[in-house]
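Here the protein sequences line up with chains X and U, keeping their order.
Count along the first sequence from 1, add 144, and you get the number used in the working numbering.
Count along the second sequence from 1, add 295, and you get the number used in the working numbering.
For reference, the structure discussed in these notes is given below.
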Amino acid sequence: MAPLVRTSSTYFAVVGILGGVLLFANLAWIRQLDEGLAVTGLTDRISWGIYISGFIYFIGISYGGTMVSAILRLTKTEWRRPITRIAEASTAAALMVAVMMPIFDMGRPERVWSLILYGRIESPLVWDFIAIGTYLAGSLLFLYLALIPDFATMDRVLPRRVRVRRVAYRFLKMRWEGTPAQKRSLERALLAISIIIIPIAVSAHTVLSWMFGMTTRTGWHSSIFGPYFVGAALFSGIAIVVVAMAIFRRAHHLEDLITEDHFRKMANILLVFSLTYLYFTLNEYLTITFQPSTDEQILLQLLVEGPLAPYFWFSTLSLVLVTVLLALPRTRTIRWITVSALLLNVSLWVKRIVIVIPSMAVPLVPGDTVATYSPTWVEWAITAGSFASFCLIFAVFAKLFPMVSLWEIEEGEEAARLAAESPAGGPPARPAAPPAVGAKGGA
Amino acid sequence: MGRWRAGRAHAAVAVVLTAAFAFAVGVPIQGSDVGVLPAQGCTCHSDGPNFDVQIAVDGWPAIYTPDEAYPLIVHGEGPVTGAGGGFSVDVTKGSLSSTDPTVLASGNHATHTSGAKRSWPLLWIAPPEDSGNVRFTVFVNLVDGDGSDGPADLWSVLVLDAQEKAPEPPKPSSMVMAFAGPDEVAQAGHNFTVHATIANSTGAPIPNATVTFAAKLSWGVLPLGAGTTDPNGTARANWSVPAPGDFLVTAYYDGSSKNLSSNGSVQVTVYDPEGVWQDLYGGQEKGVWTWFDPVRVPLGLLVGGVWLTFFYATFHILRLRKAGAREADGPVDLIKLLFSRSGRGRR
Numbered sequence: 145m146a147p148l149v150r151t152s153s154t155y156f157a158v159v160g161i162l163g164g165v166l167l168f169a170n171l172a173w174i175r176q177l178d179e180g181l182a183v184t185g186l187t188d189r190i191s192w193g194i195y196i197s198g199f200i201y202f203i204g205i206s207y208g209g210t211m212v213s214a215i216l217r218l219t220k221t222e223w224r225r226p227i228t229r230i231a232e233a234s235t236a237a238a239l240m241v242a243v244m245m246p247i248f249d250m251g252r253p254e255r256v257w258s259l260i261l262y263g264r265i266e267s268p269l270v271w272d273f274i275a276i277g278t279y280l281a282g283s284l285l286f287l288y289l290a291l292i293p294d295f296a297t298m299d300r301v302l303p304r305r306v307r308v309r310r311v312a313y314r315f316l317k318m319r320w321e322g323t324p325a326q327k328r329s330l331e332r333a334l335l336a337i338s339i340i341i342i343p344i345a346v347s348a349h350t351v352l353s354w355m356f357g358m359t360t361r362t363g364w365h366s367s368i369f370g371p372y373f374v375g376a377a378l379f380s381g382i383a384i385v386v387v388a389m390a391i392f393r394r395a396h397h398l399e400d401l402i403t404e405d406h407f408r409k410m411a412n413i414l415l416v417f418s419l420t421y422l423y424f425t426l427n428e429y430l431t432i433t434f435q436p437s438t439d440e441q442i443l444l445q446l447l448v449e450g451p452l453a454p455y456f457w458f459s460t461l462s463l464v465l466v467t468v469l470l471a472l473p474r475t476r477t478i479r480w481i482t483v484s485a486l487l488l489n490v491s492l493w494v495k496r497i498v499i500v501i502p503s504m505a506v507p508l509v510p511g512d513t514v515a516t517y518s519p520t521w522v523e524w525a526i527t528a529g530s531f532a533s534f535c536l537i538f539a540v541f542a543k544l545f546p547m548v549s550l551w552e553i554e555e556g557e558e559a560a561r562l563a564a565e566s567p568a569g570g571p572p573a574r575p576a577a578p579p580a581v582g583a584k585g586g587a
Numbered sequence: 296m297g298r299w300r301a302g303r304a305h306a307a308v309a310v311v312l313t314a315a316f317a318f319a320v321g322v323p324i325q326g327s328d329v330g331v332l333p334a335q336g337c338t339c340h341s342d343g344p345n346f347d348v349q350i351a352v353d354g355w356p357a358i359y360t361p362d363e364a365y366p367l368i369v370h371g372e373g374p375v376t377g378a379g380g381g382f383s384v385d386v387t388k389g390s391l392s393s394t395d396p397t398v399l400a401s402g403n404h405a406t407h408t409s410g411a412k413r414s415w416p417l418l419w420i421a422p423p424e425d426s427g428n429v430r431f432t433v434f435v436n437l438v439d440g441d442g443s444d445g446p447a448d449l450w451s452v453l454v455l456d457a458q459e460k461a462p463e464p465p466k467p468s469s470m471v472m473a474f475a476g477p478d479e480v481a482q483a484g485h486n487f488t489v490h491a492t493i494a495n496s497t498g499a500p501i502p503n504a505t506v507t508f509a510a511k512l513s514w515g516v517l518p519l520g521a522g523t524t525d526p527n528g529t530a531r532a533n534w535s536v537p538a539p540g541d542f543l544v545t546a547y548y549d550g551s552s553k554n555l556s557s558n559g560s561v562q563v564t565v566y567d568p569e570g571v572w573q574d575l576y577g578g579q580e581k582g583v584w585t586w587f588d589p590v591r592v593p594l595g596l597l598v599g600g601v602w603l604t605f606f607y608a609t610f611h612i613l614r615l616r617k618a619g620a621r622e623a624d625g626p627v628d629l630i631k632l633l634f635s636r637s638g639r640g641r642r
């Protein structure tokens, strides 16, 4: 609870830097709105640049929350308890940033309304709009549900001086007292959302992949794109949760709650996805290599030895390196797992650039040349602003809400206590429901 | 002995080569000089120009209008007996021609074909716009007709310049747009034509001008392409739309050095008696049953099911609230809590 009421100078410094980057990004966006997309490196040939690459990246990292929180909750995995809040917050923050990225890519952002007014249901763009909108709504609802018992705790224990926040907590806690009826309602709501949020998340990223796969562009028109996108999303999503775990573990002194064991378990999941993703990558590029089509050969040449080769080789080789780091016993420490997760996120962001740009550079008309694209400072500034926004949302969230789920930890401790007290050979103790308001608690 | 023979052979070769060089330099090549432009004047007749020879060019403009035709007459007069003579003209821009058989004119050069005249007609077509200044150089040679090139023949040269007329500022143009014809109806799925007729400030049509057409639609401007105006100043654009409705078609003439730009628009009402829209895009106006297609039904069920689950969760949130004890968390209570000194509020 201490980080909620005490603010360190480090926090102010971090928020100040992030705010500065965000301010600069806003100035860049104002310039782009004023002068149009001419101030970007985007052209009629390469109209999806680093903005859309960023869009796929942020949708991807939003997966972490769904995976860790919903799946582990449904499977009643006990070790999930200290990290579910971080995971759910990462989903909400990433989605809030992601929805802005296509708007940055639009020369006339106000025309986003045309998608609602004139959108054709046969278009994957409209499906994507529906899928991501639904996913965002579901994620926020999921986050809120898991916060209700903690709102009650915060209303009870926070000092009187944080009056505005306490008013909000009192309103949001929905008169939570931890009565059996309330616990039943919360359990049912959480169960329903946990079940439904998984297919929503899968559909959101699959539909996003269809935006590419359902075109006839070289390198995109592939049946593997659905699983390839979902795999990459899960991979990067879990990696960002690991990075966030390391940051909050240190900043909020959560060493007792988030242990090395949590990191190792997350590393195991990352390793599985890493190998899966390497397998998908091999499938994708090996198929292209055997294509007799000239366009496919141009694409391959662009990736392997053309101007985009540094991006391609960085994303591929760093993926191999991360797999090795996650597999070696000596590097399965908190530090190395965090470094691997961080490198993985950079690698997968670059990978999105490798997916988006080269396919648009391949000539569509015989005799045409390969298109070139070089992002301008406006694009870099806005992209930096999107990353700053993601971190800033996280930072503000951490100031307003506990970054570990208090009631879930208490619930886990209660279950462990009951298991310890139960006679040997007896039935396994059922985890207790969220604690009542009067129960002893707090982190 | 041998050395003496070799020296004699070399001397013979030297004599032959010297004789050949002297012949080439000293003996003039015989032939006619008709039609030959002299580089430094008619030096075969006399060494330098004689300014007693008066040259006049009637019709040469001091300021020329681009592309305009100027009839010219080149005269030569002077103290040379007889009526024979010749001339040579070189003009830096434009083109020369003549209907006189005694004049050979081609491109930017003209000369005589017989030496029996001292006056020659020419027609000079001025160069196009932005050509700048033009220089007209004429040599006139007056000959006495004795059949020999001697000092009795006199020649002179005259150089004339002409400046291009400064362009007039462009004048307003006008545009009138019309649908293909009063009896025709624009039908969805069929090509129809839109006319744009442009005229200059005097009302005369502007031919060979490019007119750009576009349609203003609800989602933006759709370029329809460009057309070139015919002799009546009319350009046409063909268009086809699959949907009924009112469409505003616009046209734009970029203007020229003589005419300012102009634009126009026409409202085209497109009818759909053949139901093209319905055939192509599934008849949205046929009623709610048309929503039940292979895309919408599963998508609607999926999305509807998901949102129903959200409502289910929300219902449980409200139920959870209802199950809790009455607490001071209404709007008034919260405002009171916000401004209370203790920050405690009523429970």
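Cβ atoms here follow ideal geometry from the backbone N, Cα and C, with glycine treated the same way.
Keep in mind the model is a prediction, meaning the values are calculated, not measured.
Delimiting residues of the beta strand (DSSP E) encompassing residue i
i        : result
His349/X : No beta strand (DSSP E) holds His349/X; the alpha helix (DSSP H) holding it covers Pro324 to Gly357.
Ala405/U : His404 to His407
Arg474/X : Unbroken run through Arg474/X: none, as it is neither H nor E.
Asn436/U : Val429 to Val438
Glu424/U : Careful: Glu424/U lies outside any beta strand (DSSP E) and carries neither H nor E.
Ile350/U : Gln349 to Asp353
Leu391/U : Ser390 to Ser392
Asp541/U : Gly540 to Tyr548
Val565/U : Ser557 to Tyr566
Candidates the options: closest to residue i by CA position
i        : options                                   : result
Gly371/U : Lys412/U, Pro396/U and Gly402/U           : Lys412/U
Ala377/X : Ala348/X, Trp364/X and His365/X           : Ala348/X
Ile413/X : Pro303/X, Ser484/X, Cys535/X and Ala528/X : Ser484/X
Asp448/U : Arg621/U, Glu569/U, Gly373/U and Gly528/U : Gly373/U
Leu269/X : Met358/X, Leu316/X and Ile230/X           : Met358/X
Ser366/X : Leu186/X, Ser503/X and Val165/X           : Ser503/X
Asp249/X : Ser566/X, Thr210/X and Val183/X           : Val183/X
Ser535/U : Asn558/U, Ser552/U and Val565/U           : Val565/U
Thr397/U : Asp385/U, Trp415/U, Gly599/U and Lys631/U : Trp415/U
Thr482/X : Leu470/X, Asn427/X and Thr433/X           : Leu470/X
Leu550/X : Trp173/X, Pro343/X and Arg229/X           : Arg229/X
CB contact flag (residue i, residue j, <8 Å)
i        : j        : result
Ala532/U : Thr524/U : no
Asn436/U : Gly381/U : yes
Val571/U : Pro537/U : yes
Leu543/U : Ala494/U : no
Val433/U : Val375/U : no
Trp419/U : Val369/U : no
Val351/X : Ala275/X : yes
Leu452/X : Ile501/X : yes
Leu447/X : Phe458/X : no
First and last residue of the uninterrupted alpha helix (DSSP H) at residue i
i        : result
Glu523/X : Trp521 to Leu544
Trp257/X : Val256 to Tyr262
Phe156/X : Ser153 to Glu179
Ile391/X : Phe369 to Ala395
Thr376/U : From DSSP, Thr376/U is part of no alpha helix (DSSP H); its letter is neither H nor E.
Gly595/U : Arg591 to Ala618
Leu399/U : Taken as a continuous stretch (DSSP letters only), Leu399/U belongs to no alpha helix (DSSP H), being part of the beta strand (DSSP E) at Val398 to Ser401.
Trp192/X : Where Trp192/X is concerned, there is no enclosing alpha helix (DSSP H), given that its DSSP letter is neither H nor E.
Closer than 7 Å: residue i CB and nearest the ligand COA heavy atom
i        : result
Ile230/X : For the structure depicted, the ligand COA is absent and the ligand set is empty, with no information on it obtainable.
Does the segment 302–314 of chain X come close enough to the segment 326–342 of chain X that 3 or more CB-CB pairs lie under 8 Å? no
The segment 258–267 of chain X contacting the segment 286–300 of chain X, beta-carbon criterion three pairs below 8 Å: no
If we require 3 or more residues per run, which beta strand (DSSP E) segments fall completely within the segment 506–533 of chain U? 515–523
Inside the segment 454–490 of chain U only - beta strand (DSSP E) runs reaching at least 3 residues: 469–474
On the three-pair Cβ rule with 8 Å, is the segment 364–383 of chain X touching the segment 414–432 of chain X? yes
Beta strand (DSSP E) segments (min. 3 residues) lying fully within the segment 208–287 of chain X: none
Counting pairs of Cβ atoms below 8 Å between the segment 387–402 of chain U and the segment 485–502 of chain U, do you hit three or more? no
Quick test of the definition: if touching needs 3 or more C-beta pairs under 8 Å, does the segment 514–523 of chain X touch the segment 393–402 of chain X? no
What residue ranges within the segment 430–493 of chain X form continuous alpha helix (DSSP H) runs of no fewer than 4 residues, ordered along the chain? 438–448 and 453–471
The segment 521–541 of chain X touching the segment 209–226 of chain X, judged by at least three CB pairs closer than 8 Å: no
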